[in-house]
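Working notes, structure below.
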Amino acid sequence: MARKHPRPQVSRRKFLAGVAVAGAASAVPPAQAATTASTTAAARRPSALPPTMHVAAAESGTPKDLAGARIGGVAGSDFMVDVIKTLDIKYLPSNPASSFRAIHESLINYGGNKMPEFLTCAHEESAVAMAHGYFKVAGKPLMTLCHGTVGLQHAAMAVYNAWCDRVPLIVVGGNDLDAAHRPPGVPTIHSAQDINALVRDFTKWDDTPVSLQHFAQSFVRAYKIAMTPPYGPVAISLDAGLQQEPIRNNGEKLYIPRYVPSSPPQGDSGAVKEAARLLANAQNPVIVADRAARSENGMRLLVELAELLQAQVIDQGGRMNFPNTHHLHRPPTAVGNADVVLGLELTDFWATVNAYIDNGEHGIGINTSRVKPETKLVSINASELLTKSNYQDFQRFQSVDVSMPADAEATLPALIEAVKAAIANDRKAAIEKRGEAAKKAFADGRERTRQAAALAWDASPISTARMSMEIWAQIKDLDWSLVSVSGVGFNWPNRLWPMEKYYRYLGASGGYGVGYGAPASVGAALANRDLGRFSVNIQADGDLMYAPGVLWTAARHNIPQLAVMFNNRGYHQEVMHVQRLSNFRNRVANLGNDMGPIGTSIQNPDIEYHKLAESMGWWAKGPIKDPAELGPAIKEAVAVVKSGQPALLNVWTQPR
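Take any residue in the sequence shown, count from 1 to its spot, add 1073: that is its number in our numbering.
Structure representation (structure tokens):
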């Protein structure tokens, strides 16, 4: 039932009087204005002149399409806000726009700017990426508003990241559907018959409501679909006219559907039993997890299964699946000795068990198997229920011996019980012996990591391993969360920092779209702020330059985080691509005047990220090139973040 409101009281007399006062300056004759100016020549010229009557009316007057009888009714967008509030959506990151002005006004005035709170963003891609990062900490989706064709195109890369990363979010696109009534000019250019088509290939579901009741059904359905594993983004096209229409008949026939979560899909009992039999009888089972854990409970279940089998676990890092301090934690090479591989929510099972050598065969590449021919493969992956055609995020096809299109975390309890039942008494000694061997291999691996981290410890620019350990030294006693590591190939925190809780590490972007790191870190830091945690972001330089305006959003909305720049002054992944091809073609890479091949460096001039951050309200310091200066600078920045402010350190680093 929509809320009932009294008819708004609009005083035309007071409104026009205000306009007359505001526009007085524009009514002064030119000669009189010149005389007045000459007598006040010494006075400081104001930074802004009073608006003319026309400007004042345009800025504060009632729009023509809302004049007359419409202004007396309750706005349809108020009912939309009622619908949104039933789903406990806490924040709404967005860039303001005319196509959703009605729901914007309802959110901040009727809704009180609470649940959700409007967060002002400088770019739609930042808004969506903030929602992406927020979910990975809070476990709750956010909605964002995008302006028609242009806003949704800006947001599209971030939506694709969320799709590939299996993250739920609700993208609402404003649109002027009715060509007979939409404003001419820019609003028409920004409209489309079907704006959802822009993102349909990488969203779970979309709709275009044509009535308020339709909106209520669509929005609750969208939330339900997004939050049913496999998670994913959804889209709703919201007509500007529908937002501005008054509620008819006092909303007597309007209702809001009740949201009831769906149970995640679980593996077939027969397939679970067969997988358990293979694992229980394996000589060297290996578990590979990518996005297996949706929560802390998912981590706990995976640890229980691994310890039951003393099976080595490879965490591919789509989520924090397995504690890196556990003796069963192993590197990707562990699949080589496996006789059974259990893949849990793998993005790319083919690449898990096969190797690809780039440019190895006439520029095409060479494929080789990582596993033995007789190795059995078991897959539990809900993404099989969500495969589309155009975008190739489903990767190469990999044949397996047992395939379960099911949610891994939901299936693990049944699999654990089935494995317990399948382990014969005469297998328990072998399983225990396997665990002892794993402890030694784990200890040896940790020692090799420590030795590798010590290389170039005192180098300038600063080694990435040293930067990681200097950060760790200052945050180790805090309840910290690594909200983003946006540099490709930067994995020192995962190797050196003890990660034993689900929120310690959030995974990557999913679609590997550059520009994810900074806004996703702000969204994740927002969730951590509400939970009382300390947020750390190791921020790649090239990534930040895609959407640096999100720094302002963090300062504006008091979202603290420690951002340490991974400033290697280049797109180093591409540096290596061009260098590799130059070597393959027996040519010297043309460096121009830079440190890397032409087109891959971010230098000359060097970007002063600390000044960029300062200009947007952050505490910042840099550039830091001497490793001896890094520890004290991080300590100072940590104190700033603990006081509630965002802080950035511009650190010059080695390329990797």
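Virtual Cβ for every residue (Gly too), placed ideally from N, Cα, C.
Just so you know, these numbers come straight off a predicted model, no measurement behind them.
Cβ neighbours of tryptophan 1565 in the same chain (closer than 6 Å, five flanking residues each side left out): By one-based count along the sequence shown, residue 1565 stands at place 492. So the qualifying residues of the chain are Thr1537, Ala1538 and Ser1541.
From Leu1352, Gln1226, Tyr1464 and Trp1545, residue whose alpha carbon lies closest to that of glutamate 1380: To locate residue 1380, count along the sequence shown from 1; it is residue 307. Among Leu1352, Gln1226, Tyr1464 and Trp1545, the Cα nearest to that of glutamate 1380 is on Leu1352.
Range covered by the alpha helix (DSSP H) that runs through leucine 1488: As a first step, residue 1488 must be located in the sequence shown, where it is residue number 415. Leucine 1488 -> alpha helix (DSSP H) spans 1481 to 1495.
Residues near proline 1358 in its chain [Cβ-Cβ closer than 6 Å; skip 5 each side]: Position 285 of the sequence shown, counted from the first residue, corresponds to residue 1358. The beta carbon of proline 1358 lies closer than 6 Å to those of Leu1352, Leu1382, Ala1384 and Val1413 in the same chain, with the five residues before and after it left out.
The stretch 1595 to 1607 in contact with the stretch 1629 to 1647 per 3-pair CB rule at 8 Å: The answer is yes - the stretch 1629 to 1647 touches the stretch 1595 to 1607, with three or more Cβ pairs under 8 Å.
Continuous alpha helix (DSSP H) stretch holding alanine 1424: start and end: Mapped onto the sequence shown, residue 1424 falls at position 351. Here the alpha helix (DSSP H) through alanine 1424 covers 1422 to 1426.
Whole-angstrom distance between leucine 1242 and glycine 1305, CA atom to CA atom: Locating residue 1305 in the sequence shown gives position 232, where the first residue counts as 1. Locating residue 1242 in the sequence shown gives position 169, where the first residue counts as 1. Straight-line Cα distance between these residues: approximately 7 Å.
Nearest neighbour of lysine 1574, chosen from Phe1395, Gly1324, Gly1184 and Asn1641 [CA to CA]: Within the sequence shown, numbered from 1, the residue matching residue 1574 stands at position 501. The option with the nearest alpha carbon to lysine 1574 is Phe1395.
Environment of threonine 1484 [buried if 16+ CB atoms lie within 10 Å]: If you number the sequence shown from 1, residue 1484 lands on position 411. With 16 or more Cβ atoms within 10 Å of its Cβ, threonine 1484 is classed as buried.
Proximal residues to methionine 1393 (C-beta, below 8 Å), its chain only, five neighbours per side dropped: Translated into positions along the sequence shown, residue 1393 becomes position 320. Once the five neighbours on either side are set aside, the close Cβ partners of methionine 1393 are Ala1366, Met1372, Met1572, Lys1574, Tyr1575, Tyr1576, Arg1577, Tyr1578, Leu1579 and Gly1580.
Outcome for histidine 1254 when other beta-carbon atoms lying within 10 angstroms are tallied against a minimum of 16: Taking the sequence shown and counting its residues from 1, one reaches residue 1254 at position 181. Histidine 1254 is exposed by the Cβ-count criterion.
Cut-off 8 Å between Cβ atoms - residues of its own chain near glutamine 1727, not counting five sequence neighbours on either side: As a working note, residue 1727 is residue 654 in the sequence shown. These residues qualify, in order along the chain: Ala1529, Ala1532, Pro1534, Ile1535, Ser1536, Thr1537 and Asn1641.
Distance CB(alanine 1710)-CB(glycine 1206) smaller than 7 Å: Here the question's residue 1710 lines up with position 637 in the sequence shown. Here the question's residue 1206 lines up with position 133 in the sequence shown. Going by C-beta atoms, alanine 1710 is not nearer than 7 Å to glycine 1206.
Entirely enclosed beta strand (DSSP E) segments - the stretch 1603 to 1688, minimum 3 residues: 1607 to 1613 and 1635 to 1639
Buried or exposed (CB count within 10 angstroms, at least 16 for buried), proline 1302: Counting from one through the sequence shown, the residue named residue 1302 turns up at place 229. Only buried fits proline 1302, as 16 or more other CB atoms lie within 10 angstroms of its CB.
Separation of alanine 1355 from arginine 1500, as counted between CA atoms: Start at 1 with the first residue of the sequence shown, and residue 1500 comes out as number 427. Start at 1 with the first residue of the sequence shown, and residue 1355 comes out as number 282. Distance from the CA of arginine 1500 to the CA of alanine 1355, rounded to the nearest whole angstrom, comes to 10 Å.
Spatial neighbours of phenylalanine 1191 in its chain, beta-carbon cut-off 7 Å, leaving aside the 5 residues before and after: In the sequence shown, the residue the question calls residue 1191 occupies position 118. Result list for phenylalanine 1191: Leu1165, Ser1167, Leu1180 and Ile1181, in chain order.
Rounded straight-line distance, which links the Cα of histidine 1402 to that of arginine 1027: Because the chain here runs from 1074 to 1729, residue 1027 falls outside it and cannot be looked at.
Cβ-Cβ distance between glycine 1409 and aspartate 1363 below 7 Å: Reading the sequence shown from its first residue, position 336 is the one you call residue 1409. Reading the sequence shown from its first residue, position 290 is the one you call residue 1363. No, they are not a contact pair.
Under the three-state DSSP convention, the category alanine 1253 falls into: One-based indexing of the sequence shown puts residue 1253 at position 180. Residue state, collapsed to three classes: coil.
For tryptophan 1278, three-class secondary structure by DSSP: Position 205 of the sequence shown holds residue 1278. Here tryptophan 1278 sits in strand by DSSP.
CA-to-CA distance, glutamate 1687 to lysine 1213, given in whole angstroms: Indexing the sequence shown from 1 puts residue 1213 at position 140. Indexing the sequence shown from 1 puts residue 1687 at position 614. Taking the straight line from one Cα to the other gives about 31 Å.
Where tryptophan 1691 sits in the DSSP three-state scheme: Position 618 of the sequence shown holds residue 1691. Residue state, collapsed to three classes: coil.
Alanine 1720 in three-state terms, based on DSSP: Translated into positions along the sequence shown, residue 1720 becomes position 647. In the structure shown, alanine 1720 sits in a strand (DSSP, three-state: E or B).
Own chain partners of proline 1486 with C-beta closer than 8 Å, once the 5 adjacent residues on each side are dropped: Your numbering for residue 1486 matches position 413 in the sequence shown. Once the five neighbours on either side are set aside, the close Cβ partners of proline 1486 are Leu1374.
Candidates His1400, Asn1397, Ala1344 and Lys1461: closest to leucine 1450 by CA position: Taking the first residue of the sequence shown as position 1, residue 1450 is located at position 377. When only C-alpha atoms are compared, the closest one is Ala1344.
Cβ neighbours of valine 1623 in the same chain (closer than 6 Å, five flanking residues each side left out): One-based indexing of the sequence shown puts residue 1623 at position 550. Correct list, in chain order: Ser1199, Ala1591, Pro1592 and Val1595.
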